[in-house]
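The structure appears below as structure tokens.
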Amino acid sequence: MTATPAPAEGVGRTGVVVTDIARADAATIDALGVHGVATVHEALGREGLVGHGVTPRQRDARIAGSAVTVLCWPGDNLMIHAAIEQCEPGDVLVVTTTSPSLDGAFGDLFATALHARGVRGIVTTTGVRDTADLRDLDFPVWSGAVHAQGTVKATAGSVNVPIIVEGALIRPGDVIVADDDGVVCVPRALAGATLQAADQRAEKEEADRRAYAEGALSLDRKGLRTLLADLGVRTLTQAEFEGSAPR
4 MTATPAPAEG
14 VGRTGVVVTD
24 IARADAATID
34 ALGVHGVATV
44 HEALGREGLV
54 GHGVTPRQRD
64 ARIAGSAVTV
74 LCWPGDNLMI
84 HAAIEQCEPG
94 DVLVVTTTSP
104 SLDGAFGDLF
114 ATALHARGVR
124 GIVTTTGVRD
134 TADLRDLDFP
144 VWSGAVHAQG
154 TVKATAGSVN
164 VPIIVEGALI
174 RPGDVIVADD
184 DGVVCVPRAL
194 AGATLQAADQ
204 RAEKEEADRR
214 AYAEGALSLD
224 RKGLRTLLAD
234 LGVRTLTQAE
244 FEGSAPR
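In the working numbering, each residue carries its 1-based index in the sequence shown increased by 3.
Here is the structure:
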């Protein structure tokens with residue numbers, strides 16, 4: 004990577020709605036989405052992965068979009084309401100709370116409004132509900148839980164400030180890629196370089212795939228026999244193994 008993202012100023016700041024966030028090039032975002040989470044995570048130097056506490060609530064969905072970030076208070080979804088008008092086509096809503104909460108802060112009414120604005124999905128550390136309706140709407144969701152517990156609308160949080168989501172720093176406008184493997188965040192400043200690295204990795208993996216389909220061994224293709232020998236791993240026959248067992 005040749006670029007570095009700006010320092011994460013204002014992480015967790017409450018009481019603001021930021022309206023004019025920058026977004027990555029749409030073609031770059033879409034191309035990262037084609038590669039998927041695992042390849043993008045590797046291309047990013049194994050950075051940016053959202054923790055495994057946030058999981059998909061459907062199968063076979065894959066999205067990529069610009070993050071519109073939301074910081075709510077536990078059991079309170081007021082700021083999701085405030086965030087909807089900040090969303091543009093191609094965005095992904097990313098929600099967390101000031102302290103852990105799995106209450107059902109998101110459901111089908113939110114999804115209907117976001118779908119109408121061209122939002123591609125939601126990533127949230129909270130619970131979600133109305134899951135059958137969400138599937139019927141074909142609105143992809145990655146969440147911390149499925150939980151019908153209702154929430155209030157009472158406390159000021161923020162929209163479009165940097166937030167921490169399951170260990171990952173996510174800034175407004177960063178690129179979110181999500182699929183069956185989870186969620187990864189690509190800093191907006193690194194989107195182009197990450198795409199280039201992902202393209203190269205995908206090309207290499209396709210060559211490996213063809214070789215393995217023809218019977219090649221990864222031990223040979225990746226030069227791992229030497230590593231095993233250097234680590235002192237020996238290859239023994241069954242008789243040699245039984246004869247060398249400690250008495």
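Where a beta carbon is used, it is the ideal one built from N, C-alpha and C, also for glycine.
Source: prediction; values computed, not measured.
Going by DSSP, what residue range makes up the alpha helix (DSSP H) through residue i?
i      : result
Leu140 : Thr134 to Leu140
State the CB to CB distance for the pair residue i and residue j, rounded to an integer number of angstroms; the pair is presumed to be in contact (CB under 8 Å).
i      : j      : result
Thr72  : Ile173 : 6 Å
Val131 : Gly107 : 6 Å
Val162 : Val21  : 7 Å
Arg41  : Ser69  : A small correction: the amino acid at residue 41 is Ala; Arg does not occupy that position in the sequence shown. Wrong, their Cβ atoms sit about 21 Å apart, outside the cutoff.
Leu137 : Thr99  : So it is not a contact: roughly 19 Å between Cβ atoms.
Helix, strand or coil for residue i? Go by DSSP, reduced to three states.
i      : result
Val53  : coil
Ala242 : helix
Ala85  : helix
Ala114 : helix
Gly18  : coil
Ala157 : coil
Ala6   : For Ala6, the predicted structure reports a pLDDT of 45, less than 50, and the residue's modelled location is therefore unreliable. A value from the coordinates is still provided. If DSSP states are grouped into helix, strand and coil, Ala6 belongs with coil.
Asp79  : strand
How would you write the range of the beta strand (DSSP E) that residue i sits in, first residue to last?
i      : result
Thr172 : A small correction: the amino acid at residue 172 is Leu; Thr does not occupy that position in the sequence shown. Counting along the chain, the beta strand (DSSP E) containing Leu172 begins and ends at Ala171 to Ile173.
Ala67  : Ile66 to Cys75
Val149 : Val144 to Val149
Val126 : Gly124 to Val131
Val97  : Asp94 to Thr100
Val168 : Ile166 to Val168
Gly107 : Gly107 to Phe109
Would residue i pass as an interface residue toward chain D - the criterion being a Cβ-Cβ separation below 9 Å?
i      : result
Ala116 : Here chain D cannot be found, since the structure has a single protein chain.
**Q.** Length at least 3, wholly inside the region 178–231: the beta strand (DSSP E) runs in chain order
**A.** 178–182 and 185–189
Q: Would you be able to state if there are at least three C-beta pairs under 8 Å between the region 163–179 and the region 8–27?
A: yes
Q) Using 8 Å as the threshold, is the region 192–208 in touch with the region 77–87, meaning 3 or more CB pairs across them? A) no
Q) Can you list, in chain order, the stretches of the alpha helix (DSSP H) that have 4 or more residues and sit fully within the region 20–51? A) With a minimum length of 4 residues, the continuous alpha helix (DSSP H) runs that stay inside the region 20–51 are 29–38 and 40–46.
Q.
Counting beta carbon pairs with one atom in the region 108–128 and one in the region 140–158, are three or more of them shorter than 8 Å?
A. yes
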